[in-house]
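**Q**
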Amino acid sequence: MSYSTFDNDRPELGSIKIRMPYANVGNYVASAGATGFEIEHFLSYGLHEDWTTPCAAFSFTLDADELSTDQRNAILPGVRVDVSIDDRVQMIGFVDKIHVASSPHGGTVLALEGRDWLSPAVDAQVDPQVRFKAGMSLIDVLSAVFGDFGMTAVAADNAANRDAISGAIYGLRQSSRGTVSKKILTHQLKPYANEGAYQFASRVSQRFGLWIRPSATFGTIVVTSPDFDQASRYTVHHKTDASAPFNNVEESTVEWNREQQPSIIFAAGGAGGGEFATSQLRACVVNPLVATPSNTLAALIAKYPGIRQVPVPTPTQLSGTATVPIPDPNARPAYLYDCESHTQAQLEAFLLRELSLRMRKSLTARYTIEGHKIGGVAVTIDTMIDVDDDRAPLRTALYVFGRRFSKTLSGGTKTDLDLIRPGSLVFNDADTDSSS
0 MSYSTFDNDR PELGSIKIRM PYANVGNYVA SAGATGFEIE HFLSYGLHED
50 WTTPCAAFSF TLDADELSTD QRNAILPGVR VDVSIDDRVQ MIGFVDKIHV
100 ASSPHGGTVL ALEGRDWLSP AVDAQVDPQV RFKAGMSLID VLSAVFGDFG
150 MTAVAADNAA NRDAISGAIY GLRQSSRGTV SKKILTHQLK PYANEGAYQF
200 ASRVSQRFGL WIRPSATFGT IVVTSPDFDQ ASRYTVHHKT DASAPFNNVE
250 ESTVEWNREQ QPSIIFAAGG AGGGEFATSQ LRACVVNPLV ATPSNTLAAL
300 IAKYPGIRQV PVPTPTQLSG TATVPIPDPN ARPAYLYDCE SHTQAQLEAF
350 LLRELSLRMR KSLTARYTIE GHKIGGVAVT IDTMIDVDDD RAPLRTALYV
400 FGRRFSKTLS GGTKTDLDLI RPGSLVFNDA DTDSSS
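In numbering that gives the first Met the number 0, the protein residues as written are 0 to 435.
#1: Which residue from 142, 68, 60, 354 puts its Cα closest to that of residue 113?
#2: Looking at the strands, I want to know which residues DSSP matches up with residue 46.
#3: On the three-state DSSP scale, how would you describe residue 161?
#4: Locate the alpha helix (DSSP H) running through residue 215, then write down its first and last residues.
#5: Sorry if obvious, but does the Cβ on residue 215 come closer than 7 Å to a heavy atom of the ligand SAM?
#6: Expressed to the nearest angstrom, what Euclidean distance is found between the alpha-carbon atoms of residue 33 and residue 101?
#7: Give the straight-line distance between the Cα atoms of residue 269 and residue 200, rounded to the nearest whole angstrom.
#8: Report buried or exposed for residue 230, applying the criterion of at least 16 other Cβ atoms within 10 angstroms of its Cβ.
#9: Helix, strand or coil for residue 141? Go by DSSP, reduced to three states.
#10: Round the Cβ separation of residue 92 and residue 150 to the nearest angstrom and send it over; I've been treating them as touching at under 8 Å.
#11: In the structure shown, what three-state DSSP assignment does residue 275 receive?
#12: Threshold first: 3 residues or longer. Then list the beta strand (DSSP E) segments lying entirely within the segment 278 to 362, N to C.
#13: Do you know how far the Cα of residue 163 is from the Cα of residue 87?
#14: Which residues in the same chain have their Cβ closer than 6 Å to the Cβ of residue 196, if we skip the five residues on either side of it in sequence?
#15: Curious, which full-length alpha helix (DSSP H) runs of at least 4 residues does the segment 70 to 123 contain?
#16: Between residue 296 and residue 340, is the Cβ-Cβ spacing less than 8 Å?
#17: With residue 49 and residue 380 assumed to form a contact (beta carbons below 8 Å), what rounded beta-carbon distance in angstroms separates them?
#18: Taking C-beta to C-beta, are residue 382 and residue 212 nearer than 8 Å?
#19: May I have the straight-line CA-CA distance separating residue 420 from residue 157, to the nearest angstrom?
#20: In the DSSP assignment, what are the bridge partners of residue 153?
#21: Since I believe residue 57 is in contact with residue 78 (beta carbons under 8 Å), could you give me their beta-carbon distance rounded to a whole number of angstroms?
#22: Are the segment 131 to 146 and the segment 340 to 360 touching, with three or more C-beta to C-beta distances below 8 Å?
#23: Can you tell me whether DSSP reads residue 134 as helix, strand or coil?
#24: With burial defined as no fewer than 16 other Cβ atoms inside 10 Å of the residue's Cβ, what is the status of residue 447: buried or exposed?
#25: When burial is assigned at 16 or more other CB atoms within 10 Å of the CB, is residue 35 buried or exposed?
#26: From this set, 232, 370, 384, 391, which residue's C-alpha is nearest residue 413's C-alpha?
#27: From what residue to what residue does the beta strand (DSSP E) around residue 231 run?
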């Protein structure tokens, strides 16, 4: 394991705090500084985010009697909420819903629900008349789509955002995720009927191997891909030895699943034909998690002479005991068609995304820890974590796909970590669509 990361802090030291403004209610760029107020005591709260969900969501239950009249009047739908741990901003969002319940014995309880600052783009639809022409850069498309929702900058790497949220810097990057501004559309794109603004922008970005996320800095979106090459910055210890000093897991669920694990995937694109049989674009990829006899795979591939076999990204093959192949003596092929793949690179990116969706289901792990920090550092997504679990058993590095902060009167302060295999979340870059 890379770090000694047992959290000796009391959970309260990692509790959530929210900051809300008094003035400029409804102004999405309103400051929550000196004119605002902070809340640190809750009946309960929850904050959930994962890599592929467009918006992080939060809920806070407050004792209304602890609020001043000015504070109560300032809590309205649309008001900005800054969520922090140890004064490190975890997310910035808006209140969507307020529920007030009162009774003679329970007093008045105020429940707030909301999502992060990109939620308006998720709710709104993109103008169906807009057309994005071939030759436009991805940054031009994103600016046109997100400009009305407060976006002012684009980051092509999530490293700085991770460090800002966790409050710790973990060295220099060993690889580059690319430059968003240089990626060029190869053909005209237009929205689907009734397509959401975020949905459209995400669909375009995925064609370049990228995913869109709001950062903890208001107005800056991160357009990047998961980083499986970084070192682990946390460790969860789940030991059977009761005297082990480093146990920090309260509950866990680990599942291995061989369902929906094809031995090989064939794919065809939308060039030269409207179906798989007539397409001029074809490729295949072998699932590294399934141990199918090589002669069986060779017989399937031989039916398509000259077909391109796409290599699987390296991190998938280097994740320790988590990647022991599943034995399968029989062929289990899948045949897919993607009408939006117009180049070989686009088809291969589609193929690797489809493989990753299936690989992700083969191993899922959830660990519940006390508090919101490990080793004094707030846990955030898009990081690597070492797992030392005697019970599963599982001893390997996994990727932090999602986090869920919670606090209840009966359950205390906890964090649920959703972990997946490194390499099983792929938005592979279609290299021929880039000018770089």
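Glycine is no exception: its CB is placed at the ideal position from the N, C-alpha and C atoms.
Remember, it's a predicted structure, so these values are computed and weren't measured experimentally.
**A** On the basis of the data shown:
#1: 60
#2: 57, 404
#3: helix
#4: Premise fails: residue 215 is in no alpha helix (DSSP H) and is neither H nor E.
#5: This structure lacks the ligand SAM; in fact it carries no ligand of any kind.
#6: With a pLDDT of only 48 at residue 33, under the threshold of 50, the placement of this residue in the model should not be trusted; the figure read from the coordinates follows. Cα-Cα distance, rounded: 31 Å.
#7: 21 Å
#8: exposed
#9: helix
#10: Wrong, their Cβ atoms sit about 15 Å apart, outside the cutoff.
#11: helix
#12: 281 to 285, 332 to 337
#13: 7 Å
#14: 120, 123, 125, 144
#15: 118 to 122
#16: no
#17: 7 Å
#18: no
#19: 19 Å
#20: 220
#21: Actually they are not in contact, since the Cβ atoms of residue 78 and residue 57 sit about 13 Å apart, beyond 8 Å.
#22: no
#23: coil
#24: Absent from the structure is residue 447, since the part of the chain shown begins at 0 and ends at 435.
#25: buried
#26: 370
#27: 231 to 237
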